[in-house]
Structures are given as structure tokens and as C-alpha cells.
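In order, the protein sequences belong to chains X and S. Letter by letter, the first sequence follows residues 1 to 285 of the UniProt record's numbering. Letter by letter, the second sequence follows residues 1 to 332 of the UniProt record's numbering.
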Amino acid sequence: MTTATPEKETAPSVAYVPTAEGLGAVLASGEQPPRPSAWSASVTFGWRAMLKIKHVPDQLFDVTAFPIMMTLMFTYLFGGALAGSTGEYLQFLLPGILVMSIVMITMYTGVGVNTDIEKGVFDRFRTLPIWRPSALVGALLGDVCRYLIGSTVILTLGLILGFRPEGGLTGVLLGVALLVAFSFAFSWIWTMFGLFLKSEKSVMGVSMLVLFPMTFLSNVFVNPETMPGWLQAFVDVNPIAHLVAAVRSLMAGTPDGGEILWTLISGGVILAIFGTLTMRLYNRK
Amino acid sequence: MSKHRGDLAIQASGLIKTFGKTKAVRGIDLEVPAGTVYGVLGPNGAGKTTAVRMLATLLRPDGGEATVFGHDIVREADAVRGKVSLTGQYASIDEDLTGTENLVLLGRLLGHRKPGARKRAAELLEAFGLTEAADRQVKNYSGGMRRRIDIAASIIKTPELLFLDEPTTGLDPRSRNQVWDIVRIIVAQGTTVLLTTQYLDEADQLASRIAVIDQGRVIADGTPGELKSSVGAGSVHVRLRDAAQRPEAERVLVRTLGTDVTLEPEPVALTARISGEESGRGAAEQASRALHELAAAGITVDDFSLGQPSLDEVFLALTDHTANPTDEEVAA
Ligand SMILES: Nc1ncnc2c1ncn2[C@@H]1O[C@H](COP(=O)(O)OP(=O)(O)OP(=O)(O)O)[C@@H](O)[C@H]1O
Ligand SMILES: [Mg+2]
Chain X
1 MTTATPEKET APSVAYVPTA EGLGAVLASG EQPPRPSAWS ASVTFGWRAM
51 LKIKHVPDQL FDVTAFPIMM TLMFTYLFGG ALAGSTGEYL QFLLPGILVM
101 SIVMITMYTG VGVNTDIEKG VFDRFRTLPI WRPSALVGAL LGDVCRYLIG
151 STVILTLGLI LGFRPEGGLT GVLLGVALLV AFSFAFSWIW TMFGLFLKSE
201 KSVMGVSMLV LFPMTFLSNV FVNPETMPGW LQAFVDVNPI AHLVAAVRSL
251 MAGTPDGGEI LWTLISGGVI LAIFGTLTMR LYNRK
Chain S
1 MSKHRGDLAI QASGLIKTFG KTKAVRGIDL EVPAGTVYGV LGPNGAGKTT
51 AVRMLATLLR PDGGEATVFG HDIVREADAV RGKVSLTGQY ASIDEDLTGT
101 ENLVLLGRLL GHRKPGARKR AAELLEAFGL TEAADRQVKN YSGGMRRRID
151 IAASIIKTPE LLFLDEPTTG LDPRSRNQVW DIVRIIVAQG TTVLLTTQYL
201 DEADQLASRI AVIDQGRVIA DGTPGELKSS VGAGSVHVRL RDAAQRPEAE
251 RVLVRTLGTD VTLEPEPVAL TARISGEESG RGAAEQASRA LHELAAAGIT
301 VDDFSLGQPS LDEVFLALTD HTANPTDEEV AA
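So, in C-alpha cells, the structure goes:
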């Protein structure tokens, strides 16, 4: 911030005098264009998210460094022990790590919503005559880009380490598409918490509390057949486990229709429930 | 826009908002004539922001009703949003984006296509003296520039009603004057402005009507002149040569003016209020009569001044009357 201070001092505000001609003319020409469509308003908010990435690139740290660390850590930590060789284990692990990392970074959505509200910029958005969910939908569209960046980073690293998906490019792209679509739906859980909880810290805390069990108590690292019965029962209903299975099957070139359907349905249900709750909170706030 | 002159921009009755145990607004009535600046004056925590947020459709009232240009703020919120703009107390622009980006973003959200939004942004930046800062992030703006971009963002589409929540709090005198000039130009173009402030001179300078609110209630309203005359026509401030003559001077002033006389901390000074209505005489005439009587009583006056009543006095007088300690405890 020190570099910004001298700029402030030399600000040209000293010379500014509002004039009736200049300002008056601008006011006289401020007519109302037709209202933007729901889609166009959402895309505009998505553009805002892109601008924020441009100005505050540190936020990409979450979608690059964190997944890289996860991939390296778990490949070498579990690779030898669980599968005998890291190369073989990677074929099983990488799709799981991909899902886990992307689902983990969905929580920054809630943090983002929460800080936006703290700063008062949402007050202005909420006084605009636009489709109400567009601010949140747009923010999530921006997050979808972050998920795509994160996925690219992990897959590139995976390829370097020796991940060779049987499903080829098509399988990988379909897997990523399913993952991103699910994450978009899943993110509405965090927009709800972002609106509902008081501080950024509590949003983080709650997110961790939900995400750790959902991602670790799954089939990301090991085949659930080795788990005790009660844990298997949890994994069976855990939507993340179904997502992992679906993505894994797509990337392996053996699409599992059942798992894909399960994933799409659970995503739809999450979106319906948490999208509604979010909008209710957003309108009442 | 003159079609609204004579109409009411805002009509509110019995607005209530409670946050948990805090009764932020406990029954506010307002009638804001279109085409004017209406001042809402109150100390910290009076409920100004809460009232504005309800009228701007950001908060749903717990009780009471209000219309903005005839549209109900709850049932027809979308129609209200089409007519109002809000410049909030805390920056309602994105500090991470540049000035241009903020205005283009909002222009797009109001329905401009990209070239139209860019053109509009450039015009506004020019009119607000921010062209040079256009491509800098707003977080690097000075306080005055921030306020200006915030107001500029509120008039991308010229609103029929503009809410300005404490627009000059924290600004230096020059920036404050710039904002005042901007408000005057905006209202001259036909936009109604509802302005909240803690500064009495600001309401006095800009507003044609003022509502004084305290602890979530309107405790007085009227033109600045009416509010002043409800307290008195002014006051005479007198300095004597000899402190020993003060008790005698006090008696003379009480007799001639018929009002309270305050003994100042300084042993030679005293201040007397001049009542407005009762005597039917002007403040200056009453004051000169008082001076005459003092001279006749053999009291030497070293210095003398006639003060206009300030809104400060109005405010203190009003809040003194209504201060209610039990309510305070309930609110806390
Ligand atoms: N979201 C909220 N949750 C809980 N209490 C609130 C909330 N917003 C305001 N309050 C309380 O309501 C009361 C009125 O607050 P408000 O912000 O409307 O006052 P104000 O007149 O705008 O004050 P200031 O001059 O400090 O801006 C205060 O006691 C405040 O603490
Ligand atoms: Mg306030």
C-alpha cells in the first residue's frame, strides 16, 4: 500500500469545482435504457468477478497452490503404501484429488459473498431494478472460471507425474464439465452461509466443518470396501463420493451412467434447496 | 421532471424496524415533497441509516407503511427501485475496481450496451472531476474522490429520488463544499434528495425541510426557519467590564427580555435568549432595548453580540425534552 500513498497526495481533487453546465448536462441525459435480461445481468456480474481476479490476483493462489500441494502430498504419502507404486495409484487418485480440491475451493464463494456484503457494495446492487439472483449467479459464474483454472492446474500436474487417463481428452473434458456443473450447484450452500453468518471467519469455520467429512469420508483415497459398515453407509449417501465415482469413470473411458445420474440429481436437489434459501435470505437482508 | 413538483416523493407512516432487542426505528412518519432536498438530522444511532435502507427497499419494515412516488416499498419494491438511487453511508462501490470499471459495471446493469456504458462513464467522470483517476482502483482514491465516484454511480441513470446517507461525514471542508454544490445542482435538475446528516449546518444549508430524529422517532420537523423559531429568535451575548455587576445585569435582562439568562463560566459574561413570538418585536429591537436598560442601570458593557439560534441549539433543546432514560435502557 505504500506505493499508493503518494498518488493520493497529488490527487487532482484540489482543482475540482462542480459546474451546473457540466453536471447538469450529464444529469439531463441520464435516461433509462431498457432493462437488461436476467442472463445479461448475470454475465455482467461474472465480468465483475473476472475484473476482481485481474486486480487481486492473489485470490488465484487458492485455486493453484492448494491443489498442487494436495496432489503432491497425497500421491507420495499414500501412493507407495496403498497401491505399491505411485504411478499406479495416481490413475486412481488423480480424479479424486481433482474433485476434492475443486469442491474445497467452492467455500471461497461464501467468503466472497460475505465480504461483499460487509463492504456495502451489495446495497447498491440490491437497489437496482434487475433480476434479483443475478449478482449471486454472476459471482458463481466467475467462480466457475476459478474451478476451470484449478482443474487445469491439477490435470497438468497429474500428466507430468504420470496420470494417463484411458478416456482420452473427451473423457477428461466430460469429467471436468460434470465436476464444474456440480460445484456450481454445490456453491449455493456457501452463498447461503455467506449471507447468513456474521463474519468471514465463521463462514470459513462452518465450511471446513462440512467439507472435511464430506471429502475425506469418501472414495477419494481408498476403495470403500475396506471400510467398516457404518462408514460405508455414509459413503453410499455422500454426494461427493458419487461425484468422484462418476468423474473417475468418465476419465477412465468407462462412463458409469448410474453414478452420473446420481450426481446430476444430487446437484439439482442441492441447487433447488440452497438456491431458494439463499434468495430468501438475500431478499430479506 | 417537474411533473412531480407538488407531489410527494416519500410518504411514510409508522415505520418500525427492530434488530433483535434493538428498536432501531420506532414509528417514523415522513412526508417528503418532490423536487426538494429533505434533511434527516440525528445523532449516531438515531436510526437514520435504518430508515433510509427501508425506504430504499433494502430492509423490510417490521411495521408501518411507506410509498415512494406512490409505489409501496414492500409490495412494489421493483417499481421503487426503478426510481431511486442510494449512496450509502459506507462506500457502495467496489474498491478493487477502477473508477471507470465501477461505472461501466453499473451502466451495464442498468441496461446500457458496452459502448453506451463506456460513454456514460466517461461523461460522469469528467463532470465529477475524476477523469485523471479513471483508471485507478477506487481504494487509492482520497475520501472526497470516493464520495464523488459514489454519487456519480448513483446518477448513471438520473434518479427521481436520491438517498444520500451522511454524504459529508469525514470529509474536509473543501470536499464537503464540493458535495454541497453537487447536491444543489442535482436538485436543481428536478431530482428529489433525501439527505441524512449529523451536521446541523449541512441540513440548514441544503434542506428546505428537516426532520429531526432521535432514538428512532421523529421529534420535530419543519423548515429550518420554523425549527429555529420554535426555540427562540436568538440570543444576546454580553460581556461586562466589572464582574461584580453581573447579578444586577442578570436582573435587568430577565426583566426586559422575560426569558432565561445563562451565566457563562467566565465571571463577566452572560447570555440571554430572546423569545421569538411573544413580544412581536424583532430580535434586534429587543436586544437594543436590553442594552439601553443595562446602560440606564449604570452597568458598563464591554462587548456585545447578537447570535442567530443555531440548529445546534434547536437540536439540544429538542433532545433534552424527549430524553427518556428508561427507553435507553430497553434499547441497550
Ligand atoms: N443490522 C443491524 N443489526 C443490529 N443492530 C443494528 C443493525 N443496524 C443498525 N442497528 C442498530 O440500530 C440503531 C440505529 O442504527 P442506524 O445505523 O440506523 O443509526 P444512524 O442514525 O444511521 O447512526 P450513524 O449516525 O452512526 O450512522 C443502532 O443502535 C444500531 O446499533
Ligand atoms: Mg447511519
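Glycine included, every Cβ here is placed at the ideal spot set by N, Cα and C.
| Asked | Found |
| --- | --- |
| Buried or exposed (CB count within 10 angstroms, at least 16 for buried), Glu101 of chain S | buried |
| Cβ contact check for the segment 90-110 of chain X and the segment 154-167 of chain X: 3 or more pairs under 8 Å | yes |
| Under the three-state DSSP convention, the category Glu166 of chain X falls into | coil |
| Contact set for Phe163 of chain S: own chain, Cβ-Cβ below 6 Å, skip 5 residues either direction | Val52, Ala56, Leu86 and Leu194 |
| Beta carbon proximity, His112 of chain S to chain X, threshold 8 Å | yes |
| Any C-beta of chain S under 8 Å from that of Gln59 of chain X | no |
| Cα-Cα separation, Glu278 of chain S to Thr271 of chain S | For Glu278 of chain S, the predicted structure reports a pLDDT of 49, less than 50, and the residue's modelled location is therefore unreliable. A value from the coordinates is still provided. Looking at the two C-alpha atoms, the distance is approximately 19 Å. |
| Residues bridged to Ala66 of chain S (per DSSP) | S:Ala12 |
| Listed by chain order, chain S residues near Arg280 of chain X by CB distance under 7 Å | Here the premise fails: no neighbours, minimum Cβ distance about 12 Å. |
| Whole beta strand (DSSP E) elements within the segment 125-157 of chain X, 3-residue minimum | none |
| Contact test: Thr49 of chain S Cβ vs ligand 2 heavy atom, cutoff 7 Å | yes |
| Ala332 of chain S, buried or exposed, once every other Cβ within 10 Å from all chains shown has been counted against 16 | Low local confidence applies: a pLDDT of 37 at Ala332 of chain S is under 50, so the model's placement there is unreliable, and no value is given. |
| heavy atom of ligand 1 below 7 Å from Glu166 of chain S C-beta | yes |
| Residues of its chain near Ile93 of chain S, where Cβ-Cβ distance is below 7 Å and the 5 sequence neighbours each way are ignored | Asn102, Val138, Ile149, Asp150 and Ala153 |
| Ile186 of chain S classed as buried or exposed, judged by whether at least 16 other C-beta atoms fall within 10 angstroms | buried |
| Closest Cα partner of Ala65 of chain X within the set X:Ser187, X:Ile154 and X:Ser42 | X:Ile154 |
| Stretch pair the segment 129-145 of chain S + the segment 166-178 of chain S: three plus CB contacts closer than 8 Å | yes |
| Val301 of chain S - containing beta strand (DSSP E), residue span | Val301 to Gly307 |
| Cβ-based neighbour list, Gln232 of chain X, same chain, cut-off 8 Å, excluding 5 preceding and 5 following | Pro224 and Glu225 |
| Start-end ranges of the beta strand (DSSP E) lying completely within the segment 43-97 of chain X, minimum 3 residues | none |
| Contacts that Ala58 of chain S makes with chain X (C-beta to C-beta distance below 7 Å) | In the sequence under discussion, the amino acid at residue 58 of chain S is Leu, which differs from the Ala named in the question. Within chain X, the residues near Leu58 of chain S are Asp123, Arg126 and Thr127. |
| The segment 270-281 of chain X touching the segment 192-201 of chain X, judged by at least three CB pairs closer than 8 Å | yes |
| Span of the alpha helix (DSSP H), counted from its first residue to its last, around Lys201 of chain X | Glu200 to Phe216 |
| Within-8 Å CB hit, Thr44 of chain X to chain S | yes |
| Continuous alpha helix (DSSP H) stretch holding Thr254 of chain X: start and end | Looking at the DSSP string, Thr254 of chain X is not in any alpha helix (DSSP H), and its letter there is neither H nor E. |
| Residue(s) in a DSSP beta bridge with Val40 of chain S | S:Thr196 and S:Ala211 |
| Limits of the beta strand (DSSP E) - the one that Val261 of chain S falls within | Val261 to Leu263 |
| Limits of the alpha helix (DSSP H) - the one that Phe234 of chain X falls within | Gly229 to Val237 |
| Chain S contact residues for Val111 of chain X, given Cβ-Cβ distances below 8 Å | Residues of chain S passing the Cβ test: none, with the nearest at roughly 14 Å. |
| Proximal chain X residues relative to Ser92 of chain S, where beta-carbon distance stays under 8 Å | Gly120, Val121, Asp123 and Arg124 |
| Simplified DSSP assignment, three categories, for Ala272 of chain S | strand |
| Euclidean distance between Cα positions of Asn114 of chain X and Arg124 of chain X | 15 Å |
| Ala24 of chain S CB to nearest heavy atom of ligand 4 below 7 Å | No copy of ligand 4 appears in this structure; the ligands present are ligand 1 and ligand 2. |
| Near ligand 1: Gly20 of chain S beta-carbon under 7 Å from a heavy atom | yes |
| Cβ distance (whole Å) where Ala241 of chain X is taken to contact Pro165 of chain X below 8 Å | Between Pro165 of chain X and Ala241 of chain X the Cβ distance is about 20 Å, and since that is not below 8 Å, they are no contact. |
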